[in-house]
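Read the structure below first, then the notes.
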Amino acid sequence: MASSSMKPGVVTGERYRDFVSAAKEGGYALPAVNVTSTSTLNCALEAASKSQSDIIVQLSNGGAQFYAGKGIRESFTAKVLGAVSAARHIHLLAEHYGVCAVLHTDHANRELIPWVEALIEHGESFHKETGGPLYSSHMIDLSADDIEFNLSECERLLTRMAKVDMSIEIELGVTGGEEDGVGVDIDESADNSKLYTQPEDVLQAYERLSPLGHFSVAASFGNVHGVYKPGNVKLRPEILKNSQALIVEKFGATSNPLNLVFHGGSGSEKEKITEAVSYGVFKMNIDTDTQFAYSAPIKKYVETNGRAFEHQIDPDDGTPYKKLYDPRNWTRDCENNMAERLIEAFKDLGSYGKSIASR
Ligand SMILES: [Zn+2]
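Following this note's numbering, the numbering of the sequence shown begins with 240 at its first residue and continues without gaps.
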């Protein structure tokens, strides 16, 4: 049974499990927002705070590298340290925004398993230091590999992660499109049956992972990473419903036993989102739409204040432009617009006003 309220801040372990249950029982999901900088990260926390919603903050390997800085020569080191740095930043600040925040990493395919393992190692040290892990959960995407390799790797990693109270997110079935270099491009004229998760795979995952620890599943139901023109790939959320029903039938579990994740949420039809949430989706990844929202205000700002990007002081009338070219000014417009898009996401997912953080 999920507790109805908890202390604001990063949620891991039992608090994370309660957090997931509260969302499913409350019939809402949380956006998992990709962040790449202190600006996007603080903006995500601010939007959650304004909406009195909790939030999931997520870093991809490329986002983590950018967070550490493109100047670090060894990219693997940057990907690890950037993810650690962002996590410590959130651990320090989240409670001051008065919301609960889940810390997650994004897609890690076969080549990125060493990245996740390095982060687990940091999680183990953090656990020694504080009694809890650094990240709430890591995501492993071995959907491009065969199901046996996919599940045995997830078993191996979950066994290790469960010891420090961490959860894992796995991917079954191929989500079309590409996210930060991970994934496959979709061919909209091809047979797209691979874009739909097979129920027997879900069953096998549940059977093998449940005894080991807490996990969530990104199942494919026609969703694509990124925004594509409407094509022949149709969202079929009933696939999620059928997977839940199958687990209930085989294992006699209570309703919506699977913790489901919706990848490629950007650009999705609102009714399909609502339907997916009713089938036990508690997390919806959002990146493409928030990237666009962050960048869009720059055009207007530069058009309105063009001369401030050419001169520090106007050569004709001596007007000082410092206040206009100060990066904090135009960055703030980007943050405000990204926050607006996130507030829309909280409303679409039903989490608006539903924060379980105690006030
Ligand atoms: Zn995915």
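In this text, a Cβ means the ideal position worked out from N, Cα and C, and glycines have one as well.
Any heavy atom of ligand 1 closer than 6 Å to the beta-carbon of Glu350?
For this step, residue 350 is matched to residue 111 along the sequence shown. Incorrect: Glu350 has no Cβ contact closer than 6 Å to ligand 1.
Does at least one heavy atom of ligand 1 sit under 6 Å from the Cβ of Glu410?
Looking up residue 410 in the sequence shown gives position 171. Yes, the beta carbon of Glu410 sits closer than 6 Å to at least one heavy atom of ligand 1.
Curious, which full-length beta strand (DSSP E) runs of at least 3 residues does the stretch 317 to 363 contain?
339 to 344
Examine ligand 1 and report whether any of its heavy atoms sits within less than 6 Å of the Cβ of Ser502.
Residue numbering aside, residue 502 sits at position 263 when the sequence shown is read from its first letter. Inspection of the sequence shows that residue 502 is occupied by His rather than by Ser. The answer is yes for His502.
Tell me whether the stretch 574 to 587 and the stretch 278 to 286 touch, counting them as touching only if at least three CB pairs, one residue from each stretch, are closer than 8 Å.
yes
Counting only runs of 4+ residues fully inside the stretch 524 to 572, write out the alpha helix (DSSP H) ranges in chain order.
527 to 534, 536 to 543 and 561 to 564
Cβ-heavy atom distance between Ala444 and ligand 1 below 6 Å?
As a position in the sequence shown, residue 444 is number 205, starting the count at 1. For ligand 1, not one heavy atom lies less than 6 Å from the Cβ of Ala444.
Chain-order list of residues whose beta-carbon lies under 7 Å from that of Ala429 (same chain, five-residue window excluded):
Taking the first residue of the sequence shown as position 1, residue 429 is located at position 190. With a pLDDT of only 47 at Ala429, under 50, the local geometry of the prediction cannot be trusted, and no value is derived from it.
CB contact flag (Tyr267, Leu581, <7 Å):
Counted from its first residue, the sequence shown places residue 267 at position 28. Counted from its first residue, the sequence shown places residue 581 at position 342. No, Cβ-Cβ distance for Tyr267 and Leu581 is not below 7 Å.
Leu497 and Val456: beta carbons closer than 7 Å?
By 1-based counting over the sequence shown, the position of residue 497 is 258. By 1-based counting over the sequence shown, the position of residue 456 is 217. Yes, the Cβ-Cβ distance between Leu497 and Val456 is below 7 Å.
Return yes when the Cβ of Ala325 is within less than 7 Å of the Cβ of Tyr306, no when it is not.
The residue labelled residue 306 in the question sits at position 67 within the sequence shown. The residue labelled residue 325 in the question sits at position 86 within the sequence shown. In this structure, Ala325 lies closer than 7 Å to Tyr306 by Cβ.
Quick test of the definition: if touching needs 3 or more C-beta pairs under 8 Å, does the stretch 509 to 516 touch the stretch 474 to 488?
yes
Contained beta strand (DSSP E) runs [length at least 3] in the stretch 425 to 510, N- to C-terminal order
454 to 458 and 499 to 501
Are there any heavy atoms of ligand 1 lying less than 6 Å away from the beta-carbon of Ala458, as far as the coordinates show?
Indexing the sequence shown from 1 puts residue 458 at position 219. Because no heavy atom of ligand 1 lies under 6 Å away, the Cβ of Ala458 does not count as near it: no.
Looking at the structure shown, is Lys586 part of a helix, part of a strand, or coil, going by DSSP?
For the purposes of this step, residue 586 is taken as the residue at position 347 of the sequence shown. If DSSP states are grouped into helix, strand and coil, Lys586 belongs with the helices.
Report the three-state DSSP secondary structure of Ala271 (helix, strand or coil).
Within the sequence shown, the letter at position 32 stands for residue 271. Strand at Ala271.
Shorter than 7 Å from the beta carbon of Ile379 to some beta carbon of chain D?
Here there is only one protein chain, and chain D is not present.
Using three-state DSSP, classify Ala307 as helix, strand or coil.
Position 68 of the sequence shown, counted from the first residue, corresponds to residue 307. Ala307: helix per DSSP, three-state reduction.
Anyone know if the C-beta pair for Ser382 and Glu410 falls short of 7 Å?
Taking the first residue of the sequence shown as 1, we reach residue 382 at position 143. Taking the first residue of the sequence shown as 1, we reach residue 410 at position 171. Taking 7 Å as the Cβ cut-off, Ser382 and Glu410 qualify as a contacting pair.
Is Met240 buried or exposed, if buried means 16 or more other CB atoms sit within 10 Å of its CB?
Indexing the sequence shown from 1 puts residue 240 at position 1. The predicted position of Met240 is uncertain, since its pLDDT is 43 and thus under 50; a value taken from the coordinates is nonetheless stated next. It is exposed - the Cβ of Met240 has fewer than 16 other Cβ atoms within 10 Å.
Cβ-Cβ separation, Val259 to Ile295 (assumed contact under 8 Å), whole Å
In the sequence shown, the residue the question calls residue 295 occupies position 56. In the sequence shown, the residue the question calls residue 259 occupies position 20. At roughly 10 Å, the Cβ-Cβ gap does not stay under 8 Å, so Ile295 and Val259 are not in contact.
Consult DSSP for Val403 and reduce its assignment to one of helix, strand or coil.
Here the question's residue 403 lines up with position 164 in the sequence shown. Reduced to three states, the DSSP call for Val403 is coil.
With DSSP run on the structure shown, which of helix, strand or coil describes Leu390?
The sequence position of residue 390 within the sequence shown is 151, counting from 1. Three-state result, Leu390: helix.
Counterpart residues of Lys522 in DSSP-defined beta bridges:
Here residue 522 corresponds to residue number 283 of the sequence shown, with the count starting at 1. Lys522 pairs with Leu269 and Val500.
Taking the CB atoms as reference points, tell me whether Ser290 and Tyr560 lie closer together than 7 Å.
Counted from its first residue, the sequence shown places residue 290 at position 51. Counted from its first residue, the sequence shown places residue 560 at position 321. No, the pair does not count as a contact, with Cβ atoms beyond the cut-off.
Buried or exposed: where does Phe460 fall if 16 or more other Cβ atoms within 10 Å of its Cβ makes it buried?
Residue mapping note: residue 460 aligns to position 221 of the sequence shown, counting from 1. With 16 or more Cβ atoms within 10 Å of its Cβ, Phe460 is classed as buried.
Considering Cα atoms alone, identify which of Ala484, Ala286 and Glu368 is closest to Tyr445.
The sequence position of residue 445 within the sequence shown is 206, counting from 1. Selected option, being the one with the closest Cα: Ala484.
Output needed for Leu448: all residues of its chain with C-beta closer than 7 Å, excluding positions within five of it in sequence on either side, in chain order.
As a first step, residue 448 must be located in the sequence shown, where it is residue number 209. Excluding positions up to five away in sequence, the list reads Cys393, Glu394, Leu397 and Phe454.
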